[in-house]
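Chains as they are written, first to last, in this note's numbering: chain P, 5 to 204; chain F, 2 to 172.
Ideal Cβ positions, reconstructed from N, Cα and C, are used throughout, including at glycine.
Computed from a predicted structure; not experimentally measured.
Working notes for the structure below.
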Amino acid sequence: MRRVAVAVVMVVAVCLLFWAGWHNLRSRRLAMQQAQQAQVTVQKDSSSDSIPSAITTNLIGKAAPSFTLVDLSGKKVSLADYKGKPVVVNFWATYCGPCQEEMPWFEEFTKKYAAQNLVVLGLNLEDGVTKDAVQKASHRLGVTYPILFADEKVGASYGVGDYLPVTVYVGKDGAVTEQTPGAPSKDEMEAHIRKIAGAM
Amino acid sequence: MQGSGFRAQGPGFRLLALLAVLLCGGVAKSQGIVGLPAASTGKGHVTFAAEVVEVAAGKPVVVELRFHVDEGFHVNSHTPKDDLLIPTVLKLEDAAGVKVVGVEYPKGSAFKLPGNGQILDVYQGEFRVRLQVVVPKGQSSLKGGLRYQACDSAACFPPRTLTVDVPITGK
């Protein structure tokens with residue numbers, strides 16, 4: 005009788021084990037299925053660019069693309085207005101920390117190289133920004149050089165994508181000598197300026 | 002006598018017991034939240050690691066959303082110290098049945114810009130946004146977007162919105 009009872013218990017135990025195994029397998033399959041569905045929802049922003057494509061056009065040695073843009077006071081400003089002068093074209097945005105870092109340096113260099121007629125043009129390149137925000141940012145950064153509202157067309161002509169800042173150094177002859185994506189060190193920046201200002 | 006009764010069953014019984022422990026352990030493991038590995042690196046520099054979430058229905062529970070910022074990049078925290086900078090903000094759609102009671106952002110860490118030494122308040126690596134939600138019984142989902150703005154130490158990308166979609170099961 006005892007042996008029968010033990011046998012029954014063991015049969016029940018084995019059945020339970022098989023049920024548990026089946027349940028486990030089903031649960032894991034379900035979890036995997038849900039995980040795969042969830043994996044599909046892992047989002048990547050594929051519309052953006054990456055650092056290697058920060059500058060899409062090599063302009064070095066070529067004439068700087070012309071532009072006419074509006075400044076903070078509403079006045080039209082053209083690159084051609086500064087013919088014969090060394091010009092720094094700096095693309096920037098209000099949200100950009102490194103841009104805010106380098107803009108006071110540009111301000112400093114416009115004064116330091118005033119005798120060489122150095123011109124710095126700050127081209128704001130961002131969607132949906134208000135004039136007030138740009139004004140506030142440039143005022144806070146102590147910038148007095150012209151701030152212009154750029155558009156995508158001008159950005160594209162200089163090979164500028166989403167990666168900011170990008171600075172283009174234009175010599176007195178109107179040719180581009182350097183394009184720098186990102187904020188360089190102050191010394192590097194001055195070296196580029198000295199080159200276009202003829203202060204080597 | 003009873004104590005020796007188990008030994009009397011022989012190695013077969015012990016094997017069964019071992020199998021039972023292993024199988025039952027497996028069942029227990031399959032009941033919880035199933036974590037997924039972090040998403041692969043995207044060009045937007047922030048990824049969302051979706052998880053299958055199972056929580057108790059009808060009462061406030063905390064759901065953590067895990068985001069990952071690519072190495073070498075940072076995004077502004079929810080409370081950047083500079084008002085020109087764009088904060089990281091999670092915006093959720095009104096979902097039928099799911100009630101978001103609260104959103105808690107993590108504290109940012111200090112990030113020093115190499116040039117002028119300006120200190121930013123940022124998220125780097127993994128950061129988690131904690132939501133307090135009340136979910137109905139059955140399947141539902143939390144949908145929305147994380148607005149952020151990413152930079153490295155030398156430059157920045159424009160603000161972007163990363164889609165968030167979390168399937169939730171209320172039990």
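Counting only residues of its own chain and dropping the five nearest sequence neighbours on each side, C100/P has a CB closer than 7 Å to the CB of L168 and P169.
Exposed is the label assigned to V8/P, since fewer than 16 other Cβ atoms lie within 10 Å of its Cβ. A direct Cα-to-Cα measurement between E105/P and A187/P gives close to 8 Å. For the pair G175/P and E72/F, the Cα-to-Cα distance works out to about 37 Å.
When DSSP assignments are scanned along the stretch 115-166 of chain P, the uninterrupted stretches of beta strand (DSSP E) that are 3 or more residues long and fall wholly within it turn out to be 123-128 and 151-153. D166/P is classed as buried because its beta carbon has at least 16 other beta carbons within 10 Å across all chains shown.
In this structure, V164/P and V123/P do not form a Cβ contact; the two beta carbons are roughly 19 Å apart against a cut-off of 8 Å. For the stretch 164-178 of chain P, the beta-carbon criterion of a distance under 7 Å to any beta-carbon of chain F is satisfied by D166, Y167, L168 and P169.
For D153/F, no alpha helix (DSSP H) segment is defined, and its DSSP state is neither H nor E. Identification of residues in the stretch 139-160 of chain P having a C-beta nearer than 9 Å to some C-beta of chain F yields K140, A141 and R144, given in sequence order. Contact check for V134/F against A51/F fails: the beta carbons are separated by 8 Å or more. By the CB criterion at 8 Å, V56/F and I169/F fall inside the cutoff. Put simply, the backbone Cα of T134/P is about 13 Å away from that of S142/P. Pairwise C-beta distances place the stretch 61-71 of chain P in contact with the stretch 144-161 of chain P, as three or more of them are shorter than 8 Å.
The C-alpha of Y106/F is placed about 42 Å away from the C-alpha of E182/P. Counting the other Cβ atoms within 10 Å of the Cβ of N128/P gives 16 or more, which makes it buried. Shown here, G101/P sits in a helix according to DSSP, grouped into three states.
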